[in-house]
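39 is the number that the UniProt record's numbering gives to position 39 of the sequence shown; each next residue is one higher, with no gaps. A virtual CB, placed ideally from N, CA and C, is assigned to each residue, including glycine. Note that the structure is a prediction, hence the values are computed from the model and not measured. Quick notes on the structure that follows.
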Amino acid sequence: LDFNMGYRGRRKSLKRVTAPKSWMLDKTGGVFAPKCTPGPHKSRESFPLTLFLRNRLRYALSYQEVKKIVKQRLIKVDGKIRTDNTYPTGFMGMSFF
Numbered sequence: 001l002d003f004n005m006g007y008r009g010r011r012k013s014l015k016r017v018t019a020p021k022s023w024m025l026d027k028t029g030g031v032f033a034p035k036c037t038p039g040p041h042k043s044r045e046s047f048p049l050t051l052f053l054r055n056r057l058r059y060a061l062s063y064q065e066v067k068k069i070v071k072q073r074l075i076k077v078d079g080k081i082r083t084d085n086t087y088p089t090g091f092m093g094m095s096f097f
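Rendered as structure tokens:
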């Protein structure tokens with residue numbers, strides 16, 4: 001047996017319990033949390049666009065609603081339209097709707 005086999009690509013999932021404490025997620029909200037895609041901010045210092053729209057601004061009720069809003073190209077982060085729902089937003093970033 002060869003135990004040196006690795007994953008193919010980055011890990012796309014993140015357990016809710018191991019998410020950064022700055023995200024302020026409750027433990028009972030589910031098993032997984034959205035993981036940030038690589039971007040301009042560090043993963044521990046950023047916030048996924050999904051959590052920003054759903055948990056902070058209460059702009060959507062579910063993950064599916066956030067995906068639909070983002071794919072309609074209604075969200076601008078730092079002056080650019082973002083269509084990635086897990087785009088890492090910084091704490092000082094500017095978002096427009």
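Taking the alpha helix (DSSP H) that residue i belongs to, which residues open and close that run?
i	result
Gln-72	From DSSP, Gln-72 is part of no alpha helix (DSSP H); its letter is neither H nor E.
Rounded to whole angstroms, what is the Cα-Cα separation between residue i and residue j?
i	j	result
Glu-65	Leu-57	13 Å
Thr-86	Ile-75	13 Å
Cys-36	Lys-15	13 Å
Leu-53	Tyr-59	5 Å
What are the residues that DSSP puts in a beta bridge with residue i?
i	result
Val-48	This sequence places Pro at residue 48; Val is not what is there. According to DSSP, which records beta bridges pairwise, Pro-48 is partnered with Pro-88.
Leu-14	Ala-33
Lys-80	Val-77
Ser-95	Val-77
Taking residue i as the reference, give the member of the options with the closest Cα.
i	options	result
Pro-40	Phe-96, Thr-89, Phe-97, Ser-95	Thr-89
Phe-32	Ser-13, Glu-45, Phe-91, Ser-62	Ser-13
Does residue i pass the burial test, meaning 16 or more other C-beta atoms within 10 Å, or should it be called exposed?
i	result
Pro-38	exposed
Leu-49	buried
Would you say residue i reaches chain B, if we count a Cβ-Cβ gap shorter than 7 Å as a contact?
i	result
Leu-61	Judged by its chain identifiers, the structure shown contains no chain B, having just a single protein chain.
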